[in-house]
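One structure below.
Number of protein chains: 2
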Amino acid sequence: MKVGIIGLGLIGGSLGIDLRRLGHYVWGVSRNPATCATALTLGAVDEAAPHLDHLTSLPNTDIVVVCTPIAQVVETVRQLTPWVAPPTVITDVASVKGAIVPPAQAIYDHFVGGHPMAGTAGQGITSAQPDLFRGRVCVLCEGKGLAQVQYLWEQVGMTTLICSPTDHDQAVAWISHLPVLLSASLINSVHQEPDPHIQALAHRLASTGFRDTSRVGGGNPELGQLMAEYNRTALLSALSIYQQELARVRDWLVQHQWAELRAFLHHAHHDRQQFDSCR
Amino acid sequence: MKVGIIGLGLIGGSLGIDLRRLGHYVWGVSRNPATCATALTLGAVDEAAPHLDHLTSLPNTDIVVVCTPIAQVVETVRQLTPWVAPPTVITDVASVKGAIVPPAQAIYDHFVGGHPMAGTAGQGITSAQPDLFRGRVCVLCEGKGLAQVQYLWEQVGMTTLICSPTDHDQAVAWISHLPVLLSASLINSVHQEPDPHIQALAHRLASTGFRDTSRVGGGNPELGQLMAEYNRTALLSALSIYQQELARVRDWLVQHQWAELRAFLHHAHHDRQQFDSCR
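Just so you know, the protein sequences line up as chains L and U, in that order.
Letter 44 of the first sequence, counting from 1, is numbered 44 in this note's numbering, and no numbers are missing.
Letter 220 of the second sequence, counting from 1, is numbered 220 in this note's numbering, and no numbers are missing.
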């Protein structure tokens, strides 16, 4: 296959490394010439340039994978249209799908929305690594060229799962976007503690429980904001339910209803094991 | 030293193992004769019995460490009073101090409240292990015999930190008890998702972010309930502030105030590094 990658960061770079090791031809685009040079050095691309018109290997590309930040995906698809035509497939890797798939498909007939659920705390081409995707799930949305995109991600070791943009967005609101807001609010709440002595003590005593609960809230602020902005409706619906649950917990504390609280914690204890990643 | 341990679970058993390896004499009490036998086999105690009156090595004990669940600590101190007298010191390991230290000191003059901040996901004597406490912090509250209790925990590798019961309880409400409630509410909220298909998808797609954020909420329900019950006031105060923070986040989402949300996430990103355990 000949694969193009727009945006050579952690995801784009890691994908390039894996594809080239499998014998595929990979070209890449990054606005930053230094990133292009690093991608070449790391073996993530065969050719890289800051603009599409500088690439010599564009013709006969099978798939273009848009790995830009969420806010640039649809515009990037638009910028690709003078350069590619079906049967070339365009796909993306953004963590929201409802705000991207319909407009992207309106612009380009062979667009398939994708979300490879893999990553590290790292960012940028220097964090790119082989086998980042192996054993993880890639969500794909129906579109012309689906089988080809499915083949791409399965080649690098992912299991693919097909669902609608709306279902994807509501599910990731629950398991990814809502946790970021809860976790960040925990960190910032401690900062609201009025007694500086207690605040210092909390900083000192925090242990593995706080570290784990606060981890995703301490992540990349730009990414967190974009996820919220582009998945606003699903996230608000999850947040409403969460606030109701928390209000119930508060009522039990206020009214000394300890049996109810215990049943709630029992439910959480057992329900957590229903999540694949928590077994 | 001669040390007595009441309650041979994870904490009591692990403490016994460390103290005996250091050459101290350790007796233990557990209601369950099988636990006494296991503690002897594991080398956590030199002598163990289900009742104080069955012990031959009670006289001249330097410190008695009460390692029972929170709800039994004060009553256990009361039951010890016919058997021990100053300068013997009684201390405890409970994760709340305000509900324990004043009543326990009213019952026994040489009582020192303690909270060794160490543990594992395990429970009971079979989870006991050497070096559980090494490198961790033990909070102690002022009381007659403080230096001796300080010496005990420093012997097994802990750093001791002295503060008031009230300050301790507010700090652990922030970094330990509040995270349990937030995390359990996350798990139970997903269960409230009305569409079973989306719920199944969330279970399938949950990854490391969800796993970490939900970890403490999926812990021991009895312990979670007791922490809330015995630290109710401090926990309610932390929960109120948290609910206000979350309401601000919700308002930003409703009103599309993305710059405010981004600043909030930036603050969380930087503030998290102020916590010793998160560096």
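Glycine included, each C-beta is placed from N, C-alpha and C at the ideal position.
Counting only beta-carbon separations shorter than 8 Å, does residue i have a partner in chain U?
| i | result |
| --- | --- |
| residue 33 (chain L) | no |
| residue 153 (chain L) | no |
| residue 123 (chain L) | no |
| residue 62 (chain L) | no |
| residue 228 (chain L) | yes |
| residue 222 (chain L) | yes |
| residue 162 (chain L) | no |
| residue 98 (chain L) | no |
| residue 219 (chain L) | yes |
| residue 239 (chain L) | yes |
| residue 92 (chain L) | no |
Quick one: using the 10 Å Cβ neighbour count with 16 as the cut-off for buried, is residue i buried or exposed?
| i | result |
| --- | --- |
| residue 29 (chain L) | buried |
| residue 189 (chain U) | buried |
| residue 256 (chain U) | exposed |
| residue 244 (chain U) | exposed |
| residue 214 (chain U) | buried |
| residue 34 (chain U) | exposed |
| residue 154 (chain U) | exposed |
| residue 162 (chain U) | exposed |
| residue 151 (chain L) | exposed |
| residue 115 (chain U) | buried |
| residue 176 (chain U) | buried |
| residue 231 (chain L) | buried |
| residue 76 (chain L) | buried |
| residue 247 (chain L) | exposed |
| residue 228 (chain L) | buried |
Taking Cβ-Cβ distances shorter than 9 Å, what residues in chain U pair up with residue i?
| i | result |
| --- | --- |
| residue 137 (chain L) | 204, 205, 207 |
What separation, rounded to the nearest whole angstrom, lies between the Cα atoms of residue i and residue j?
| i | j | result |
| --- | --- | --- |
| residue 182 (chain L) | residue 148 (chain U) | 42 Å |
| residue 8 (chain L) | residue 95 (chain L) | 17 Å |
| residue 70 (chain L) | residue 66 (chain U) | 55 Å |
| residue 83 (chain U) | residue 58 (chain U) | 8 Å |
| residue 6 (chain U) | residue 205 (chain U) | 45 Å |
| residue 11 (chain U) | residue 122 (chain U) | 10 Å |
| residue 131 (chain L) | residue 240 (chain U) | 44 Å |
| residue 279 (chain U) | residue 87 (chain L) | 49 Å |
| residue 165 (chain L) | residue 39 (chain U) | 56 Å |
| residue 25 (chain U) | residue 19 (chain U) | 8 Å |
| residue 52 (chain U) | residue 199 (chain L) | 41 Å |
| residue 139 (chain L) | residue 168 (chain L) | 8 Å |
| residue 120 (chain U) | residue 97 (chain U) | 21 Å |
| residue 16 (chain U) | residue 45 (chain U) | 6 Å |
| residue 236 (chain U) | residue 13 (chain U) | 33 Å |
| residue 101 (chain L) | residue 56 (chain L) | 29 Å |
| residue 238 (chain U) | residue 104 (chain L) | 45 Å |
Mapping DSSP to helix, strand and coil, what is residue i?
| i | result |
| --- | --- |
| residue 180 (chain U) | helix |
| residue 210 (chain U) | helix |
| residue 90 (chain U) | strand |
| residue 27 (chain L) | strand |
| residue 218 (chain L) | helix |
| residue 100 (chain U) | coil |
| residue 111 (chain U) | strand |
| residue 138 (chain L) | strand |
| residue 161 (chain L) | strand |
| residue 12 (chain L) | helix |
| residue 116 (chain L) | strand |
| residue 48 (chain U) | strand |
| residue 7 (chain L) | coil |
| residue 84 (chain L) | coil |
| residue 74 (chain U) | helix |
| residue 156 (chain U) | coil |
Show which residues of chain U have a CB atom less than 7 Å away from the CB atom of residue i.
| i | result |
| --- | --- |
| residue 165 (chain L) | Residues of chain U passing the Cβ test: none, with the nearest at roughly 12 Å. |
| residue 232 (chain L) | 253 |
Taking only beta-carbon positions, decide if residue i is within less than 8 Å of chain L.
| i | result |
| --- | --- |
| residue 274 (chain U) | yes |
| residue 116 (chain U) | no |
| residue 110 (chain U) | no |
| residue 192 (chain U) | yes |
Starting from the beta carbon of residue i, find every residue of chain U whose beta carbon is closer than 8 Å, and list them in chain order.
| i | result |
| --- | --- |
| residue 243 (chain L) | 243, 246, 247, 250 |
Mind listing the chain L neighbours of residue i? Cutoff is C-beta to C-beta under 8 Å, in chain order.
| i | result |
| --- | --- |
| residue 213 (chain U) | 179, 182, 183, 212, 213, 215, 216 |
| residue 277 (chain U) | 206, 207, 208, 210, 211 |
| residue 197 (chain U) | 167 |
| residue 236 (chain U) | 250, 253, 254 |
In chain L, which residues lie with their C-beta within 7 Å of the C-beta of residue i?
| i | result |
| --- | --- |
| residue 264 (chain U) | 184, 188 |
| residue 172 (chain U) | 205 |
| residue 201 (chain U) | 163, 167, 171 |
Which residues in chain L have a C-beta closer than 9 Å to the C-beta of residue i? List them in chain order.
| i | result |
| --- | --- |
| residue 176 (chain U) | 205, 206, 207, 209, 210 |
| residue 51 (chain U) | Within chain L, no residue comes near residue 51 (chain U); the closest Cβ sits about 29 Å away, beyond 9 Å. |
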